[in-house]
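If you're matching positions, the sequence shown starts at 12 in our numbering and goes up one per residue.
Beneath this line is the structure, given in C-alpha cells, with notes to follow.
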Amino acid sequence: MIEIIKPVRYGILISLLGLVFGIGWAFWLVLGHERIHKSLEERAAKGQNSHGLIQLLESNTAQAHENKTSKTEQNEHSHRQSSKEADAHQHTVEDKALSKEGRMMHMEEEGHHDMAEGGHQHTAGEEAKPHFEGGHDSPIMELSHTRLRRGHVHAMGLGLVTIAISIVLAFTTAPDRVKIIAPILTGLGGLIYPFAWIVMGYRTPLFGPDAAEASVTVIAAPGIALVLLGISTAGLFLLKDIFVKKDA
12 MIEIIKPVRY GILISLLGLV FGIGWAFWLV LGHERIHKSL EERAAKGQNS HGLIQLLESN
72 TAQAHENKTS KTEQNEHSHR QSSKEADAHQ HTVEDKALSK EGRMMHMEEE GHHDMAEGGH
132 QHTAGEEAKP HFEGGHDSPI MELSHTRLRR GHVHAMGLGL VTIAISIVLA FTTAPDRVKI
192 IAPILTGLGG LIYPFAWIVM GYRTPLFGPD AAEASVTVIA APGIALVLLG ISTAGLFLLK
252 DIFVKKDA
C-alpha cells in the first residue's frame, strides 16, 4: 500500500496544506472579522477619493476647453469688427467708442455666462459623486465578504479534489513520472485559485466588482488550468485501464 501511494505523496501533501490553509482562513474570517471589515472600508475610501479626483480633473478639462472655445470666438468677433471699421471710413470717433463699449459689455456678459456654466458643472459633479456606504449592509462590502468566504470554500473543495486525483492515479497504470507531476500540479492549482478569490475580495471595494474580477484573471486562470489538467490526466488513465482490462 505504501509503495502504491509513494509516487503521489507530494500531491497529497500539497492538498493537505490546502486544507489547512482553508481551515485557517475560515478561523480568520470569524475571529478577524472586524479587522477585515476595517481594511475593506479603508480601501473603499481610497477608491472613492481616487474616483472623485478623476471626476474633478475631467470637469476642469471640460471647463478649460469651453473657455478656450469662447476666447477663440471672441477673437474672431473682434477681428471681423476691426475689418469692418477699417473698410468703413464713415465711422466717427464716437461710433468707435460706442462699439468698443458694446464689445466690452458683450465680453463681460460672456464671462458671467462662463462662470455660471462652470459653477453649474461643479455642482453637477458633486451631485454625481457617488456616496460611499461602508456599513456591513453595503452591497459592495457584502460582495467583498462573500468573495473572501469563497476563498475558504474553494481551498477546502480543491484540496479534497487533489487527494481524490492522487488516489485515483496511484491505482492506475500511469507512469511514475505522471503520478508524481499530475497531483503536484493539481495541488498547486488548488492553492492558487482560492488565493485569487481572496485577492479579488480585498480589491473589490477599491476597484469595483468588475475591475477587481478582471485584475485577478492572471492569477485565477493558471489555477483553473492546473486543476483541469490533473482531472483530465486522472480521467484519461482511469478510462484507459477500464477499457484495457475489459478487452483483456
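A virtual CB, placed ideally from N, CA and C, is assigned to each residue, including glycine.
Could you give the C-beta distance for Ile-23 and Pro-150, rounded to a whole number, given that I count them as a contact under 8 Å? Between Pro-150 and Ile-23 the Cβ distance is about 40 Å, and since that is not below 8 Å, they are no contact.
Could you work out which residue in Asp-221, Pro-205, Leu-199, His-163 is closest to Thr-173 when comparing CA atoms only? Checking every option, the nearest Cα to that of Thr-173 belongs to Leu-199.
Simplified DSSP assignment, three categories, for Ser-26: helix
Which whole runs of the alpha helix (DSSP H) in the stretch 174 to 246 are 4 residues long or more, in chain order? Runs found: 187 to 218, 220 to 226.
Within the same chain, show all residues whose beta-carbon is closer than 8 Å to that of Tyr-213, passing over the 5 residues directly before and after it, in chain order. Ser-50, Leu-51, Arg-54, Ser-155, Leu-159
Given this structure, state the Cα-to-Cα distance separating Gly-201 from Val-238, to the nearest angstrom. 7 Å
Roughly how many angstroms lie between the CA atoms of Thr-215 and Val-179, to the nearest whole one? 38 Å
Exposure label - Ala-225; buried when at least 16 CB within 10 Å: With fewer than 16 neighbouring CB atoms inside 10 Å of its own CB, Ala-225 falls in the exposed class.
For Met-211, which residues from the same chain have a beta carbon less than 7 Å from its beta carbon, with the 5 sequence-adjacent residues on both sides left out? For Met-211, where only same-chain residues beyond five positions count, the Cβ hits under 7 Å are Arg-158, Ala-223, Glu-224, Val-227.
According to the Cβ coordinates, are Gly-241 and Gly-33 closer than 8 Å? No, they are not a contact pair.
Taking just the CA atoms, how far does Asp-187 sit from Met-167? 27 Å
Cutting at 7 Å between CB atoms, please list the residues of its own chain near Ile-209, excluding the five before and the five after it. Excluding residues within five positions, the ones whose Cβ falls inside 7 Å are Leu-159, Gly-162.
Where Met-12 falls, given that 16 or more other Cβ within 10 Å makes a residue buried: exposed
Own chain residues within Cβ distance below 7 Å of Tyr-21, not counting five before or after: Ile-191, Pro-194, Ile-195
Residue of Ala-236, Thr-197, Gly-234 minimising C-alpha distance to Ile-25: Comparing Cα positions, the closest option is Thr-197.
Figure out for me which residue from Val-164, Ala-207, Gly-29, Lys-251 has the closest Cα to the Cα of Ile-235. Ala-207
Leu-249, DSSP secondary structure in three states: helix
Select from His-44, Ile-47, Ile-176, Leu-30 the residue whose C-alpha is nearest the C-alpha of Ser-243. Ile-176
Which residue wins for smallest C-alpha separation from Lys-17, given the options Val-189, His-48, Leu-40? Val-189
For Met-152 and Gly-246, what's the separation of their Cα atoms in angstroms? Cα-Cα distance, rounded: 40 Å.
Inter-residue spacing [alpha-carbon to alpha-carbon] between Phe-38 and Ile-230: Rounded to the nearest whole angstrom, the CA to CA distance from Phe-38 to Ile-230 is 24 Å.
Whose C-beta lies closer than 7 Å to the C-beta of Leu-30 among residues of the same chain, with five residues either side of it excluded? Met-167, Gly-170
For Ser-50, which three-state DSSP category applies? helix
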